[in-house]
Ligand SMILES: *Cc1c(COP(=O)(O)O)cnc(C)c1O
Ligand code: SF4
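In my numbering, the protein residues as written are -12 to 335.
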């Protein structure tokens, strides 16, 4: 059932494939056929030749990328838009005013460890701090996951909170990447959620779906189908090159099973800051059975300022997209402002 050809990129077992991910800058660059002397000086100095291990940025957020995602990076291209999403950069160490460690105020909206309740009718569970890929711009890079491990046992605080709050219709699984959890753990969570009658929607925010398509197995689908309500899968794809025949077959399978597929992307300098790229992305998502949902402006997290675009440029790009796309393929350009009751639309 899993798209067979994915196996050419890495082992068919998804857990093994995660274990075989790149965690070392030297090895990744070698695989991408990029000479580190071709990179900027700051970056190449961070690679210790004797071990190839990274000595510089990202001590608390090391390089990590699946072999499948790495295989989509153009050989020899040090400016490849997929490579730039995962390659540590010395600028991450700069402290820039206005960029903080908790830019979206999540820590203030956590009534129970690992449960974030900011918006009416929906809560977000940070199930794990682990991810299959470390995106350098990630706003959760400083998140204190140790303080936020979810106890979703039937008699635990999370289930009690959900049962008590009858206005909650939707539970969003997030992280980290919630699909790093085993199918057994997901099944246990789903069975417990089924006990709470007012929760009819289960949303899963996951980058794993696109960067490790072999995660989509028959058991995985059977696990999700145990949920009594509707399932919404939200992918995180920023650039058209991230969609291939391999993950497209996984998305097709999920769509055929009746799951709704949406995508959120982040607007990132040097990666997708062009209306043409984003228009292409929308069409490619649609061809892969995914509807564009949000285009996020970068959360102002410490260490990611070099990915940020001025508001004016973001708006210019977005207006251009709007003039070229049918309404149903236009994502909503939003930003997250701490304390607001929803994500904030950037332009009307
Ligand atoms: C983004 C987010 C949501 C979901 O918002 P939608 O507009 O429903 O997609 C829910 N909870 C938190 C904490 C969020 O950051
Ligand atoms: S997969 Fe998501 S949570 Fe993990 S590093 Fe990337 S953006 Fe952050």
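All residues carry an ideal CB built from backbone N, CA and C; glycine is no exception.
Check whether the Cβ of residue 124 lies closer than 7 Å to any heavy atom of ligand 1, and answer yes or no. no
Please classify residue 326 as buried or exposed, where buried requires at least 16 neighbouring CB atoms within 10 angstroms. exposed
Burial state of residue 331 (16 or more Cβ within 10 Å): exposed
Near residue 74, what residues of its chain come up, given a Cβ to Cβ distance below 6 Å and the 5 sequence neighbours on each side ignored? none
Using the three-state DSSP reduction, which class does residue 9 fall into: helix, strand or coil? strand
I'd like to check one pair, residue 234 with residue 200: are the Cβ atoms closer than 8 Å? yes
Which residues, in chain order, sit with a beta-carbon under 6 Å away from any heavy atom of ligand 1? 103, 105, 106, 109, 111, 159, 329 and 330
Beta carbon of residue 238, beta carbon of residue 192: below 8 Å? no
Status (buried if at least 16 other CB within 10 Å, exposed otherwise) for residue 67: buried
I believe residue 285 touches residue 248 by the beta-carbon criterion, under 8 Å. Please report the beta-carbon distance rounded to the nearest angstrom. Rounded, the Cβ-Cβ distance is 24 Å, inconsistent with contact.
DSSP on residue 281, reduced to helix/strand/coil? strand
Can you tell me where the beta strand (DSSP E) holding residue 105 begins and where it ends? 102 to 106
When 61, 21, 63 and 14 are compared against residue 50, the one with the closest alpha-carbon: 14
Under 8 Å between C-beta atoms of residue 146 and residue 181: no
Can the beta-carbon of residue 225 be found closer than 8 Å to that of residue 195? no
Answer yes or no: do residue 55 and residue 328 have a C-beta to C-beta separation smaller than 8 Å? no
Are the beta-carbon atoms belonging to residue 103 and residue 114 less than 8 Å from one another? no
Beta-carbon contacts of residue 315 that lie in its chain and below 8 Å, excluding the five residues immediately before and after: 278
Three-state secondary structure (DSSP) of residue 72: helix
Answer yes or no: the CB of residue 314 versus the heavy atoms of ligand 4, is any distance below 7 Å? As far as ligands go, the structure on display features ligand 1 and ligand 2 and does not contain ligand 4.
For residue 329, would you say it is in contact with chain C, using Cβ-to-Cβ distances shorter than 8 Å as the test? Reference to chain C is not applicable here, since this structure consists of a single protein chain.
Taking 7 Å as the cut-off, is the beta-carbon of residue 302 closer than that to any non-hydrogen atom of ligand 2? no
Beta-bridge pairing of residue 223 - partner residues as DSSP gives them: 251
So, are the CB atoms of residue 156 and residue 85 less than 8 Å apart? no
For residue 185, count neighbouring C-beta atoms within 10 Å of its own C-beta (all shown protein chains included) and say buried if the count is 16 or more, exposed if not. exposed
Does the beta-carbon of residue 90 have 16 or more other beta-carbons within 10 angstroms, so that it is buried, or is it exposed? buried
Could you compute how far the alpha carbon of residue 99 sits from the alpha carbon of residue 236? 38 Å
For a test of your reading of the model: does the CB of residue 121 fall under 7 Å from any non-hydrogen atom of ligand 2? Yes or no. yes
Kindly identify the DSSP beta-bridge partner or partners of residue 217. 188
Please list, in chain order, all residues of the same chain as residue 138 whose beta carbon is under 8 Å from its beta carbon, the five residues on each side excluded. 100, 101, 144 and 145
According to DSSP, residues forming a beta bridge with residue 87: 288
Regarding residue 311 and ligand 2, is the C-beta to nearest heavy atom distance less than 7 Å? no
Output the distance between the C-alpha atoms of residue 288 and residue 309, rounded to the nearest integer angstrom. 28 Å
Taking 7 Å as the cut-off, is the C-beta of residue 216 nearer than that to any heavy atom in ligand 2? no
Beta-carbon proximity of residue 69 to residue 223, cut-off 8 Å: no
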